[in-house]
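Just below is one structure, and these are the notes that go with it.
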Amino acid sequence: MNSNKSDKPGTGMNYVALRQTIQNRMLVIGGGPVHPEKSEEEPHPFREIDGVPVYHIAKTEFHLPMFEDHRWSIRPHRWGYFYHPFLMIGMPDLGGDVTLHVVTRFPGWYCMTATVKLDVWGNGASDAALDVVCWTPKVTGDNIERAGARLFKALVYKMDFVEEDEEQSSVYINEAWEDDWNATNNCLEIFREIRNVD
Numbered sequence: 011m012n013s014n015k016s017d018k019p020g021t022g023m024n025y026v027a028l029r030q031t032i033q034n035r036m037l038v039i040g041g042g043p044v045h046p047e048k049s050e051e052e053p054h055p056f057r058e059i060d061g062v063p064v065y066h067i068a069k070t071e072f073h074l075p076m077f078e079d080h081r082w083s084i085r086p087h088r089w090g091y092f093y094h095p096f097l098m099i100g101m102p103d104l105g106g107d108v109t110l111h112v113v114t115r116f117p118g119w120y121c122m123t124a125t126v127k128l129d130v131w132g133n134g135a136s137d138a139a140l141d142v143v144c145w146t147p148k149v150t151g152d153n154i155e156r157a158g159a160r161l162f163k164a165l166v167y168k169m170d171f172v173e174e175d176e177e178q179s180s181v182y183i184n185e186a187w188e189d190d191w192n193a194t195n196n197c198l199e200i201f202r203e204i205r206n207v208d
């Protein structure tokens, strides 16, 4: 679902930031991202969130069947945005924009994609990187906002290194992070729920 073909030199770094920081996939020097092992068995979800399984690209190979051609016309729904102040860790760190969409083209599923673009001052001219992060089945009473919330929780759990049996991050304890992340309200609410450990 992704493509990193671009004639702008910074585009490749946007894909590195997306894969490393947002998807939380290991990278191998001289190679691409490490993919989870393919299996003939039913894929295992990353977590159950609000009682519904959620799959994450860092833990499970993307397994949704390709949708029919007529479903291309179903536009993704913009779900949220945040600025990641250290999207690419370095000296200095480089921040960037992360825009989230919920895709409904796959029958019976909601899928969250992230579009990532590093700050131009450090990365130069570039096209944004785009790829799937997580997906979840549609359940009774679902809508885009509810499904997007559980998908975004999965993204943050993985991005913030939240342990498998935990629901809160210890990374931001006693740290004033909110202003730097400049998140839309729906993202900010979930960031607070996961990061603001009492």
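Here the sequence shown stands for residues 11 to 208, numbered as in the working numbering.
Quick reminder that beta carbons are idealized off the backbone N, C-alpha and C, glycines included.
Euclidean distance between Cα positions of residue i and residue j
{"i": "Gly106", "j": "Asp79", "result": "33 angstroms"}
{"i": "Lys18", "j": "Phe116", "result": "31 angstroms"}
{"i": "Phe77", "j": "Pro102", "result": "42 angstroms"}
{"i": "Trp119", "j": "Asp141", "result": "16 angstroms"}
{"i": "Thr194", "j": "Ile154", "result": "16 angstroms"}
{"i": "Trp131", "j": "Asp137", "result": "14 angstroms"}
{"i": "Arg202", "j": "Tyr91", "result": "15 angstroms"}
CB of residue i within 7 angstroms of CB of residue j, strictly
{"i": "Val143", "j": "Gln33", "result": "yes"}
{"i": "Arg160", "j": "Thr150", "result": "no"}
{"i": "Lys127", "j": "Asn24", "result": "yes"}
{"i": "Trp89", "j": "Val112", "result": "yes"}
{"i": "Gly22", "j": "Ala135", "result": "no"}
{"i": "Ala157", "j": "Phe56", "result": "no"}
{"i": "Thr114", "j": "Ile67", "result": "no"}
Contact set for residue i: own chain, Cβ-Cβ below 6 angstroms, skip 5 residues either direction
{"i": "Phe96", "result": "Asp103"}
{"i": "Glu177", "result": "none"}
{"i": "Thr125", "result": "Thr109, Ala138 and Leu140"}
Cβ neighbours of residue i in the same chain (closer than 8 angstroms, five flanking residues each side left out)
{"i": "Leu74", "result": "Phe116, Trp119, Cys121 and Trp145"}
Whole-Å CB distance - residue i paired with residue j, under 8 angstroms assumed
{"i": "Thr123", "j": "Pro86", "result": "7 angstroms"}
{"i": "Phe162", "j": "Ile200", "result": "5 angstroms"}
{"i": "Tyr93", "j": "Trp187", "result": "The Cβ separation is near 11 angstroms, so there is no contact."}
Own chain, CB closer than 7 angstroms to residue i, minus 5 neighbours either side, in chain order
{"i": "Tyr182", "result": "Arg205"}
In chain order, which alpha helix (DSSP H) runs of at least 4 residues are fully inside the region 99-147?
130-133
Which runs of the beta strand (DSSP E) at least 3 residues long sit entirely within the region 63-88? Give them in chain order.
none
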